[in-house]
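These notes are about the structure you will find just below.
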Amino acid sequence: MKKTLIASAVALTLPAMASGHFLLEYTTDTMIERPGDVPVKLIFWHPMDNGHVMDLDLPQDFYMIHNGEKTDLKDTLETVQFTGGENSGAAFKGSVPVKRSGDYILVTVPVPYYEESEDIYIQQITKAFLNRSELPTDWMNPVGLPTEIVPLNKPYNILAGSTFTGQVLAEGQPVAGAEIEIEYMAAEPDMENAASSAPVVGALPGGTIVAVSDTNGYFTFGVPKAGYWGFAALGSGPATEHEGKELSQDAVIWIRAWDME
Ligand SMILES: [Cu+2]
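According to mature numbering (1 follows the signal peptide of the UniProt record, and there is no 0), the stretch in the sequence shown is residues -18 to -1, 1 to 243, in order.
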């Protein structure tokens, strides 16, 4: 019995990367005033503790949705290095042509990432949102991804101290009982420097923040602080296997919260 307990304790401490990994689609702002190309960085990272950076392969898809229209942005991607608090890894820098007013949903479908410590593949299908001129056009609509989190609050304009509600979908249907990891982007990437900035908060004593979706796939989180918050529904997607190994096909969404000033 004692041996079993020790063994499981070791197993729990070994996968240092087990939780809190998020694919970032990072822009320095979500509200765009002037039309132009907005730089974005794709980074596979542990953003809350400024932790391990994983090497990101060229994504399968990278595009934007604006006024219901899809525009491929894969051609804008160039390889960059990103250095977090622990290590450096391969990431991408792209650009988003924001011209007309309205919402811009950024979508990344990465290729499955092999996580050696767990012997599984991870694929985080990720959405982030930009807006120009405060005109809402697309944010509340599902993109139609294999799995996604649909926001019920305007995701680029959340008030710190209010709540965010999302609905987890897989092939358009609600996912009940999905485990959702929630993280604060404690150290935002520096767009000029290929590195993270200094973290503004420390790790929580209880580890990762987790919510579970209800029978209709909804979850709500009280957003305590301004900045970027990520939500990752783990294994919510329909694909469960990749190259003969277990696949965690996750739905990730990023929101931006603001202080009232
Ligand atoms: Cu991890």
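Beta carbons are placed, not taken as given, at the ideal position from N, Cα and C, and that holds for glycine.
Taking 7 Å as the cut-off, is the beta-carbon of residue i closer than that to any non-hydrogen atom of ligand 1?
i: Ser1; result: yes
i: His48; result: no
i: His224; result: no
Give a yes or no on whether the C-beta atoms belonging to residue i and residue j are separated by under 8 Å.
i: Trp240; j: Ile164; result: no
i: Ala233; j: Ser195; result: no
i: Gly84; j: Asp120; result: yes
i: Ala214; j: Phe201; result: no
i: Val76; j: Leu59; result: Checking the displayed sequence, the identity of residue 76 turns out to be Gly instead of Val. Yes, the pair counts as a contact, with Cβ atoms nearer than the cut-off.
i: Gln149; j: Val132; result: yes
i: Leu134; j: Thr9; result: no
i: Ser178; j: Gly50; result: no
i: Glu153; j: Pro220; result: yes
i: Thr129; j: Gln231; result: yes
i: Tyr45; j: Val89; result: yes
i: Ile14; j: Val125; result: no
i: Ile102; j: Glu228; result: yes
i: Val205; j: Thr145; result: yes
i: Pro181; j: Asn32; result: yes
Roughly how many angstroms separate the alpha carbons of residue i and residue j, rounded to a whole number?
i: Glu243; j: Leu151; result: 35 Å
i: Met167; j: Ala208; result: 10 Å
i: Gly18; j: Pro79; result: 6 Å
i: Met122; j: Arg114; result: 16 Å
i: Lys23; j: Ala169; result: 14 Å
i: Lys(-16); j: Ser99; result: The pLDDT assigned to Lys(-16) is 42, lower than 50, so where the model puts this residue is not dependable; a value taken from the coordinates is nonetheless given after this. Distance between the alpha carbons of Lys(-16) and Ser99 is about 22 Å.
i: Glu7; j: Phe74; result: 10 Å
i: Ile87; j: Gln155; result: 20 Å
i: Ala142; j: Arg238; result: 9 Å
i: Lys109; j: Glu161; result: 18 Å
i: Ala176; j: Thr61; result: 11 Å
i: Gln42; j: Val91; result: 6 Å
i: Glu116; j: Ile235; result: 20 Å
i: Arg16; j: Asp54; result: 21 Å
i: Pro171; j: Val20; result: 15 Å
i: Lys52; j: Lys81; result: 14 Å
i: Glu223; j: Thr197; result: 25 Å
i: Gly226; j: Pro118; result: 43 Å
Does the Cβ of residue i lie closer than 7 Å to at least one heavy atom of ligand 3?
i: Asn49; result: In the structure on display, ligand 3 does not appear, and the ligands it does have are ligand 1.
For this session: Would you be able to state if there are at least three C-beta pairs under 8 Å between the region 3 to 10 and the region 24 to 42?
Result: At 8 Å Cβ cutoff, the stretches touch.
Exercise. For the region 36 to 51 against the region 83 to 98, are there 3 or more C-beta pairs whose distance is under 8 Å?
Worked result: Yes, the region 36 to 51 is in contact with the region 83 to 98.
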